[in-house]
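Asker: The letter at position 329 of the sequence shown is residue 349 when you use the working numbering, and the numbering goes up by one with no holes.
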Amino acid sequence: MQDILAMTFPELQEAVKQINEPGYRAKQIYKWLHVRKVREFSQMTNLPAVLRTKLESDFLIPKFTIARKLSSRLDETVKYLYQLPDGQHIETVLMKYQHGWRLCISTQVGCKMGCQFCASTIAGYVRNLTASEMLLQIDETEKDAGVSVSGIVLMGIGEPLDNFDNVMKFLGLLSDPGGRQMSLRHVTISTCGIVPRIRELADLRTGLTLAVSLHQATDIRRSRIMPVNRRYPLQELMDACQYYFRKTGRRITYEYAVMEQENNTLADAKALAELLQHQQAHVNLIPVNSVQERNYHATRQSAQRFMEYLENLGIHATIRRTLGSDIQAACGQLRHESEKMKKF
Ligand code: SAH
């Protein structure tokens with residue numbers, strides 16, 4: 021059965037034609053799915069009953085269940101562990117910011133990238149998420165929390181640019197003027213640095229913000245903690261980033277998780293400043309979230325010190341607020357915990 025929620029409007033028009041229904045039905049169904057956000061064909065009350073039955077037998081609307089939900093006692097962060105139709109689990113994190121609610125969504129079940137400090141990668145990669153599974157993270161969270169999300173970050177489990185086609189389809193559905201109408205200016209994609217895809221994204225001129233996870237500023241050291249660097253070394257990555265900026269006019273954010281005894285000395289700051297010297301770069305620092313199996317740790321003070329080093333070298337940097345630190349809100353932590361529990 022075809023997943024109707026993942027269909028673009030032209031795809032839906034085609035599907036409606038295939039079952040010999042008039043064209044305007046596609047518009048009605050699309051509105052129910054993406055504007056009214058109903059999840060049962062039986063609720064599409066302006067469709068004739070026979071058509072609803074027909075849709076039920078030919079198409080499916082995927083459903084999520086909330087496997088776990090953790091609400092922070094420190095701030096208003098809520099973390100959801102969703103169970104997908106095939107029993108897999110992913111995480112979605114809802115965060116309160118000054119200007120509204122922001123949602124951090126996953127793009128894959130697990131991850132292939134192998135970054136040493138990241139929990140998402142420990143249990144390996146299972147599969148890509150579909151466009152509808154990305155949309156449902158928004159819809160289900162908005163419904164459960166009773167909020168309207170104004171910003172989306174693709175920073176949950178997975179590497180968005182390793183699931184390029186589904187992510188692009190999701191962005192198309194999200195921003196469709198005839199449907200959900202979210203401006204892609206409110207969307208950030210975070211990548212570990214898949215160079216050809218960064219260039220492709222630049223050519224599409226979507227208006228979204230690109231965040232690049234850097235964490236080290238020399239090839240030898242970055243390759244040690246981020247295997248992707250062996251495939252796409254720093255110079256190629258920087259060239260792609262500059263290309264992105266030239267094509268889109270959008271400044272890139274560089275993510276840098278500060279890790280004690282790994283990347284937080286003055287020499288590290290100098291290497292980073294040198295790497296970024298020809299760009300109007302913005303560096304987002306975050307004290308690394310400790311993952312049980314990994315030996316990385318940092319304090320807020322060491323992130324603060326590193327920020328001062330950078331500022332003195334003329335690089336604009338901020339420290340990201342750590343939200344939901346009491347509820348394992350870092351990338352992949354909750355899914356990983358639940359996978360471990362299954363083993364007992
Ligand atoms: N694969 C994408 C997006 C998911 S990870 C990427 O690599 O950018 C989102 C961000 O969280 C990345 O910057 C990633 O490097 C960072 N991250 C992963 N594990 C972390 C940890 N334990 N502490 C702090 N940041 C972490």
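All C-beta atoms in this analysis are idealised placements derived from N, C-alpha and C, irrespective of residue type, glycine included.
Take the Cβ of Q321 as the centre, count every other Cβ of all protein chains shown within 10 Å, and call the residue buried at 16 or more, exposed below.
Answerer: For this step, residue 321 is matched to residue 301 along the sequence shown. Per the 10 Å Cβ criterion, exposed.
Asker: I'd like the ranges of any alpha helix (DSSP H) spanning at least 4 consecutive residues and lying wholly in the segment 153 to 216.
Answerer: List check, alpha helix (DSSP H) in window: 184 to 195.
Asker: Using only the heavy atoms of the ligand SAH, determine whether one of them is closer than 8 angstroms to the beta carbon of H235.
Answerer: Counting from one through the sequence shown, the residue named residue 235 turns up at place 215. Checking every heavy atom of the ligand SAH against the Cβ of H235, one is found closer than 8 angstroms.
Asker: From the DSSP output, in three-state form, read off V248 for me.
Answerer: Here residue 248 refers to the residue found at position 228 when the sequence shown is read from its first residue. Looking at V248 - three-state DSSP - the assignment turns out to be helix.
Asker: Report whether the distance from the Cβ of G178 to the nearest heavy atom of the ligand SAH is below 8 angstroms.
Answerer: Here the question's residue 178 lines up with position 158 in the sequence shown. Yes - the ligand SAH has a heavy atom lying nearer than 8 angstroms to the Cβ of G178.
Asker: Give me the residue from A293, M175 and P253 with the minimum Cα distance to C124.
Answerer: For the purposes of this step, residue 124 is taken as the residue at position 104 of the sequence shown. It is M175.
Asker: Nearest by alpha-carbon distance to E96: which of M202, L114 and L296 is it?
Answerer: Indexing the sequence shown from 1 puts residue 96 at position 76. Ranking M202, L114 and L296 by Cα distance to E96 puts L114 first.
Asker: Mapping DSSP to helix, strand and coil, what is E275?
Answerer: Along the sequence shown, read from residue 1 onward, the residue named residue 275 stands at position 255. In the structure shown, E275 sits in a strand (DSSP, three-state: E or B).
Asker: Indicate the three-state DSSP secondary structure (helix, strand or coil) for I24 in the structure shown.
Answerer: Counting from one through the sequence shown, the residue named residue 24 turns up at place 4. Of the three classes helix, strand and coil, the one that applies to I24 here is helix, per DSSP.
Asker: G166 and Y117 - do their beta-carbons sit closer together than 9 angstroms?
Answerer: Looking up residue 117 in the sequence shown gives position 97. Looking up residue 166 in the sequence shown gives position 146. Not in contact: Y117 and G166 (Cβ atoms no closer than 9 angstroms).
Asker: Around the C-beta of Q22, are 16 or more other C-beta atoms found within 10 angstroms, so that it is buried, or is it exposed?
Answerer: One-based indexing of the sequence shown puts residue 22 at position 2. Counting other Cβ atoms within 10 Å of its Cβ, Q22 stays below 16 and is therefore classed as exposed.
Asker: What's the C-alpha gap between E34 and M279?
Answerer: Residue 34 sits at position 14 when you count from the first residue of the sequence shown. Residue 279 sits at position 259 when you count from the first residue of the sequence shown. Rounded to whole angstroms, E34 to M279 spans 52 angstroms at the Cα level.
Asker: With a CB to CB cut of under 6 angstroms and the five nearest residues on each side skipped, what residues in its chain are close to N40?
Answerer: Walking along the sequence shown from the start, residue 40 turns up at place 20. Same-chain partners within the cutoff: there are none.
Asker: Assess, as a yes-or-no matter, whether the segment 155 to 162 is touched by the segment 207 to 215 under the definition of 3 or more beta carbon pairs within less than 8 angstroms.
Answerer: no
Asker: Less than 9 angstroms between the beta carbons of S152 and L25, yes or no?
Answerer: Position 132 of the sequence shown, counted from the start, is the residue given in the question as residue 152. Position 5 of the sequence shown, counted from the start, is the residue given in the question as residue 25. Contact annotation: S152 and L25 have beta-carbon atoms nearer than 9 angstroms.
Asker: Specify the secondary structure class of L13 as computed by DSSP and reduced to three states.
Answerer: Nothing about residue 13 can be read from this structure; the chain reaches only from 21 to 364.
Asker: So, using beta-carbon positions, are Y50 and G198 closer together than 9 angstroms?
Answerer: As a working note, residue 50 is residue 30 in the sequence shown. As a working note, residue 198 is residue 178 in the sequence shown. Going by C-beta atoms, Y50 is nearer than 9 angstroms to G198.
Asker: Starting from M133, follow its DSSP beta bridges and name the residues at the other end.
Answerer: For the purposes of this step, residue 133 is taken as residue 113 along the sequence shown, with counting starting at 1. In the DSSP output, where bridge partners are listed per residue, M133 has none listed.
Asker: Of all the options Y102, T141, G144 and G134, which has the alpha carbon lying nearest to the alpha carbon of L155?
Answerer: Mapped onto the sequence shown, residue 155 falls at position 135. Considering only alpha carbons, the answer is Y102.
Asker: Around the Cβ of L104, are there at least 16 other Cβ atoms within 10 angstroms (buried) or fewer (exposed)?
Answerer: For the purposes of this step, residue 104 is taken as residue 84 along the sequence shown, with counting starting at 1. Buried: at least 16 other Cβ atoms inside 10 Å.
Asker: Taking 9 angstroms as the CB-CB cut-off, is M258 touching chain D?
Answerer: This model lacks chain D altogether, as it is built from one protein chain only.
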